[in-house]
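There are 4 protein chains.
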Amino acid sequence: MKKKINIGMIGTKFMGKAHSHALRDVSMFFDLDVEPVMKTLCGTSPETESIAKKYGWEKWTTDWREVIEDPEIHAIAVLTPGFLHKEMAVAAAEKGKHIICEKPLANSLEDAKEMFEAVQKIGVIHMTNFNYRRVPAVNLAKKLVDEGRLGEIYHFRAVYQQDWVLDADWVWRFDKKQAGSGSMSDKGSHIIDLARFLVGEITEVVADSKIFFKEKAVPGKNETRPVTTDDACMFITRFENGAMGLFETSRISAGHKNFLSFEINGSKGSLIFNLERLNELDIYLKDEDPSAQGFRNIIVTDPLHTYIDKMWPAGHIIGWEHTFIFQYYEFLKGIAENKNPSPSFEDGVKTQAVIEAALKSVSERNWIKVARDL
Amino acid sequence: MKKKINIGMIGTKFMGKAHSHALRDVSMFFDLDVEPVMKTLCGTSPETESIAKKYGWEKWTTDWREVIEDPEIHAIAVLTPGFLHKEMAVAAAEKGKHIICEKPLANSLEDAKEMFEAVQKIGVIHMTNFNYRRVPAVNLAKKLVDEGRLGEIYHFRAVYQQDWVLDADWVWRFDKKQAGSGSMSDKGSHIIDLARFLVGEITEVVADSKIFFKEKAVPGKNETRPVTTDDACMFITRFENGAMGLFETSRISAGHKNFLSFEINGSKGSLIFNLERLNELDIYLKDEDPSAQGFRNIIVTDPLHTYIDKMWPAGHIIGWEHTFIFQYYEFLKGIAENKNPSPSFEDGVKTQAVIEAALKSVSERNWIKVARDL
Amino acid sequence: MKKKINIGMIGTKFMGKAHSHALRDVSMFFDLDVEPVMKTLCGTSPETESIAKKYGWEKWTTDWREVIEDPEIHAIAVLTPGFLHKEMAVAAAEKGKHIICEKPLANSLEDAKEMFEAVQKIGVIHMTNFNYRRVPAVNLAKKLVDEGRLGEIYHFRAVYQQDWVLDADWVWRFDKKQAGSGSMSDKGSHIIDLARFLVGEITEVVADSKIFFKEKAVPGKNETRPVTTDDACMFITRFENGAMGLFETSRISAGHKNFLSFEINGSKGSLIFNLERLNELDIYLKDEDPSAQGFRNIIVTDPLHTYIDKMWPAGHIIGWEHTFIFQYYEFLKGIAENKNPSPSFEDGVKTQAVIEAALKSVSERNWIKVARDL
Amino acid sequence: MKKKINIGMIGTKFMGKAHSHALRDVSMFFDLDVEPVMKTLCGTSPETESIAKKYGWEKWTTDWREVIEDPEIHAIAVLTPGFLHKEMAVAAAEKGKHIICEKPLANSLEDAKEMFEAVQKIGVIHMTNFNYRRVPAVNLAKKLVDEGRLGEIYHFRAVYQQDWVLDADWVWRFDKKQAGSGSMSDKGSHIIDLARFLVGEITEVVADSKIFFKEKAVPGKNETRPVTTDDACMFITRFENGAMGLFETSRISAGHKNFLSFEINGSKGSLIFNLERLNELDIYLKDEDPSAQGFRNIIVTDPLHTYIDKMWPAGHIIGWEHTFIFQYYEFLKGIAENKNPSPSFEDGVKTQAVIEAALKSVSERNWIKVARDL
């Protein structure tokens, strides 16, 4: 009989759906030593009950403290806007719950550090949900880099472009107090984490950002509200290992819905990834037959590729949501083996340090060193 | 309280997994007027019990008749090799069960017709699982064709290429008795169904096929067994509406894992689809600004696109398996509304008629008219 | 002092321009042992004089016999509609001129054979201008096939799609008497030649074709004229070496301007080419690291690639017209070394034999063996 | 009788070949009111004579002053390393010659300004050879931007990546004195000019650059020489019109041979270009049918597109070198009409101002304003 891990989840919207789905599916695909139980879903809207039922949760509540204080609950998923993460995560840690928290880990480096300290002190399992580490093609990229197939790394460049702001009405993401920053933290945290995962630590950054849409209409009201978070950011970095980095985040890039793309160039080869074609990886290896060199397009759906032996035969592509299934597999395995998986809260802190340096660089208009004494 | 639909499923391998997953997820994404219940899974292997448990079935058995005769079961999924379909489906129909059956519907036109007659006589809901009709991009293609955006249709061409036979040992798919034919029925049935779905009925066909690998090693034994099913087929067709068709199926096309691609050309435009990038559709419309004409690559993940409002925000791609979820949604809706969805057994029969004509064309080396008096 | 080769050219339109340009440029890029001289251009239009001057010809005429009888002329380019090829080429051969003739070599197999006999009897150098043999990427494909990198060849499939007929008024290409056939000979001759070049001889064919536009408006007149040449053809072939072939030609494929694409699958790999991206070749080789297999996109602009050492540095792409420059290089080298280059008139004849079999297959609605006793 | 324009060209290597070819071809494709004459080629190598003959020049010399002082010469092409541009161009201007000069215009802003003053004082026609302004797809991009099809411009991002430095021995381009800077001026000047052409003036820049290969082997000698020019640069800019810019140049990006790519995002649409597929432009327009929106791939080979009516029919792609033919068409038309074409020396100066600001930003590690009082 497997040990049951009762889960409480705070958040019912887009992320609540993605996380619920992952929990629903994870034990069908993977052999786990524990059995996840979808215990309690917590939301603020009146539909919380019907959502909980639809997604397969046993119970529901609108009071997040109730979930955290429930002695039956072993693990908590924190999926709320960033400004709420710290309070919830620290409270959950103090109650001895394992935690998976959405990214960015917090709205400030200070908050993020406090969260990390809390989980460390109590010794619970903790993850920051940088789910793109779980894309099989990204895993293949990591493997190739780690094996030295690209040689010494020279360049990392990444963009994360969306266009929803162009036609959007006012939402909480436009409010600095709730969201921390705009595309910088929302989109930037993903590509900074990927840079750290694939290349290494970032030491310095210079950045620019801009709010193109100064205000947005409030839906249903005859008024506008000011936008205090950036629409777009560009930043240049230096990595500890000598590589150069180039980053852009934008929520006003017409035609791009969820275009996260990165390229790495090294002394022996290059690779290119694009989230809208997340089953693929393009790689170039210098040591090929010179008359037949080129970027090769790998369809990363072979049983040899990470997680894919649990999925479908080669050529049967997976969807975006599978990254959450894989993340929960790692989280539950971490709980079962009492060994903290990555990306941890520490990863969340380190990414936050880069964001904080970038934001400071924007206001000071200068290169800023990334805080390292975390 | 929603009416429960208890499901029995025969088959536990690749298809058993895909169908089980679809049942597990369908009511999370869709609002149905009935509630599907994963009642009994039936398989032949000793792992049937553990598979049933893992996938979320209440019961399991190794005797398919038991499932069909169980009065609690309302609907049956038939996922076995083709030569078993008829017996199972006819028996299920006679017991008044609704049926979803894997493609090709049968190994012969005669068997397929018998199955269609059985479900018609009893009046149960019936579907042939041509799941690629459920790809949102294919639905968009259908919509554009039906709206006349491509004008009069001139050409349909499709390939379905895989390469697993190149390195495979002997499996049941190489045996004509079990599989009916090779790539012609296994892969061809999918693209013939798409041709019928998107363009219309096929009236005549001329075909060629070949067995390149005459025998294959039997795993674990020091012997080979003859291959009696085709590795590859090519066929030209005429459509009732005057269009010309060109088809190819191959299981020996190196580098193609699951490459189903089709192109349609009409008097006003063209469109191109590729299953390995199933979230995309390329379309060309003649009535554009002449200096800016070109094939546009639509990422078919907008809430406007079929089924997508139930999935994720734009740019968050879905996987191959979602086509099964959407198929079960249609199947269950059909049961709830007592209205037969497509693709039905009739579609299975009509596709079988084309396959039968193509096989006859190969042996007679001549154009063959497709049987129409079904 | 290099020997001068005085050239006479019959044709001033699209092909006259492409061939003139090639002659103008060939000795700038290549080191030849002979010096081509643009002697006389022959056309039927009143602009022939001004065209000749603009393109760099010393003389001009409207009487093609004058060119052929000019004792100063050593070589003739025949660029007229197909029905005129035989008379001109045979006359030129009898006067001892070397000949490069546009494709298809003639409007009938019989005419083509007569032309080949004429050049053989006199012993002049002869070429059929299948210029796509000269694309560096096609040369790389040929090299890979010949080296056995793809192993045994199983499949060849090619399409040649254009869309100009959709909006065209009546032109001579719609008249069977002048053009021989429609897309079959105009477009089909190119892909049949490529099939022969890359895979080998075709032994049997079954084909279908159709005239979708039964008549076309005569420009400037209030009348229409019947169309007697096919808009589109589809044919299946068998190759001498056991490979299967699939071909399509269409001049009514909306969105395709000059889309000649072919794919070859063999036991060890595959390759894909597309004329609209003629600087590229996609190849797949089975013997790669299994976790990093995929189609690689080679930009065929490296000095290692055929002809490219005479062009520009890697990454600086060439245009469609360069294939003509390379063809003239081969033609002039053939003259200089008195060694007949390929594709010769014999290649023109063999391609014509396939076209003739395909046309017969269309009218007899049956498989037709390709004539081999040429 | 057309007026003859006698040309003198200084430079015989890669650029000498590209410019010679353009002169050889320009009057075949275009109707000019003047007749260019390939008068004198000047080079430093012993092969200058044979190169001049091969390329079609009447005379040759190894003394550049001779060309500039030749009273028969009307126009000069300056194709030497950057440090020689000023002396040659100023001398040519003083002799009243029209000048086309390779990019970057000079190795310093000061030199570039001096050159611009010289041509202005005398009143000769002057061009900086930013040939990528002449790509038809870039012209289409310009047209779409100017017509407001993309709306207000938010982002411009460009990379220019090559990889030749990875395996190169020491060449003059590694010497700051001769080359000015590395990838910044050599590659950066092209993308800065395109940014100015398409979006507008750049006002501020922050940059980083790095020399990864500190020294390179001297060919034929048992020694190395230090590298004093950057291998790669990254810079962020602000545009006068409020747009944000992101740039990267690298000569160590494995797999990229001549990959110049840019993307522009505006309030109404986006466009993407890539020099390795220079016949194509991808555009996205927001005001399309919402269910069929996507990036469309325009093959920019229609007679409607700039220069293409002088080339080949739709779908017949042009090569990299055609940009030089088009540039000479503009240069000669400028001379014929006595109207200075763009990109002029002024454009060369303005691009140099951005480079100078970027170089200063690298050394001062700060944002630098681009000099505007030119």
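Protein sequences, first through last, are from chains B, F, C and W. Under the numbering used here, the letters of the first sequence match residues 175 to 548, in that order. Under the numbering used here, the letters of the second sequence match residues 175 to 548, in that order. Under the numbering used here, the letters of the third sequence match residues 175 to 548, in that order. Under the numbering used here, the letters of the fourth sequence match residues 175 to 548, in that order. From the three backbone atoms N, C-alpha and C, an ideal C-beta is built for every residue, glycine too. Fair warning: this is a prediction, and the values are worked out from it, not measured in the lab.
For the candidate residues the options, whose alpha-carbon lies nearest to that of residue i?
i, options, result
"Ala280 of chain B", "B:Lys524, B:Trp541, B:Ala545, B:Lys534", "B:Lys524"
"Leu506 of chain C", "C:His300, C:Phe409, C:Phe386", "C:His300"
"Ser224 of chain W", "C:Ser224, C:Phe203, C:Ala196", "C:Phe203"
"Lys460 of chain F", "F:Arg451, F:Glu450, F:Asn415, F:Ser444", "F:Ser444"
"Phe421 of chain B", "B:Phe500, B:Trp238, B:Val373, B:Ala332", "B:Ala332"
"Ser210 of chain B", "B:Val379, B:Lys316, B:Glu504", "Checking the sequence, you will find Pro at residue 210 of chain B rather than Ser. Here the closest residue by C-alpha is B:Glu504."
"Lys317 of chain C", "B:Arg470, B:Ser465, B:Ser535", "B:Ser465"
"Ile181 of chain C", "C:Val241, C:Trp494, C:Ala249, C:Met485", "C:Ala249"
"Ile365 of chain B", "B:Leu324, B:Asn305, B:Ile327", "B:Asn305"
"Asp382 of chain W", "W:Glu437, W:Ser535, W:Phe348", "W:Ser535"
"Glu276 of chain B", "B:Leu314, B:Ser282, B:Val252, B:Val293", "B:Val252"
"Gly374 of chain C", "C:Ala226, C:Glu326, C:Asp199, C:Asn512", "C:Glu326"
What residue range does the alpha helix (DSSP H) around residue i cover?
i, result
"Lys269 of chain F", "Per DSSP, Lys269 of chain F belongs to no alpha helix (DSSP H) and is neither H nor E."
"Pro400 of chain W", "Premise fails: Pro400 of chain W lies in the beta strand (DSSP E), 398-400, not in any alpha helix (DSSP H)."
"Gly362 of chain B", "362-372"
"Lys350 of chain F", "350-353"
For residue i, decide whether its Cβ has a neighbour in chain C, counting only Cβ atoms nearer than 9 Å.
i, result
"Leu372 of chain B", "no"
"Leu314 of chain B", "yes"
"Ala311 of chain W", "no"
"Arg470 of chain B", "yes"
Mind checking if residue i is an interface residue toward chain F, Cβ cutoff 9 Å exclusive?
i, result
"Asp405 of chain C", "yes"
"Ala163 of chain W", "Here chain W has residues from 175 to 548 only, and residue 163 of chain W is not among them."
"Arg308 of chain B", "no"
"Leu478 of chain W", "yes"
Can you tell me where the beta strand (DSSP E) holding residue i begins and where it ends?
i, result
"Ile179 of chain B", "177-184"
"Ala332 of chain W", "327-335"
"Ile376 of chain B", "376-384"
"Lys388 of chain F", "Run containing Lys388 of chain F: none; DSSP gives neither H nor E here."
"Thr403 of chain W", "No beta strand (DSSP E) contains Thr403 of chain W, which DSSP labels as neither H nor E."
Kindly indicate if chain B contains any beta-carbon less than 9 Å away from that of residue i.
i, result
"Val392 of chain W", "no"
"His248 of chain W", "no"
"Lys460 of chain W", "yes"
"Ala369 of chain W", "no"
"Leu449 of chain F", "yes"
Establish whether the CB of residue i and some CB of chain W are separated by less than 9 Å.
i, result
"Ile410 of chain B", "yes"
Discussion item. Quick check for students: name the residue ranges of the beta strand (DSSP E) that lie wholly in the segment 412-469 of chain F, counting only runs of 3 or more.
Written reply: 418-424, 433-440, 443-448, 454-459
Discussion item. To test your reading of the DSSP string, which unbroken beta strand (DSSP E) runs of 3 or more residues are found completely within the segment 186-256 of chain B?
Written reply: 208-216, 233-235, 249-252
Fill in: Cβ contact check for the segment 325-343 of chain F and the segment 418-438 of chain F: 3 or more pairs under 8 Å
yes
Practice prompt. Within the segment 470-529 of chain B, note down every full alpha helix (DSSP H) run reaching 4 residues or more, in order along the chain.
Written response: 496-511
Worksheet item: Looking at C-beta atoms only, is the number of pairs between the segment 298-315 of chain F and the segment 465-481 of chain F that lie closer than 8 Å three or more?
Response: yes
Discussion item. Contact between the segment 231-246 of chain F and the segment 210-218 of chain F is defined here as three or more beta-carbon pairs at a separation below 8 Å; is this criterion met?
Written reply: yes
Worksheet item: If you scan the segment 281-328 of chain C from start to end, which runs of the alpha helix (DSSP H) of 4 or more residues do you find wholly inside it?
Response: 283-296, 310-320
Practice prompt. May I ask you to verify whether the segment 507-520 of chain W touches the segment 381-395 of chain W, counting CB pairs closer than 8 Å and requiring at least 3?
Written response: no
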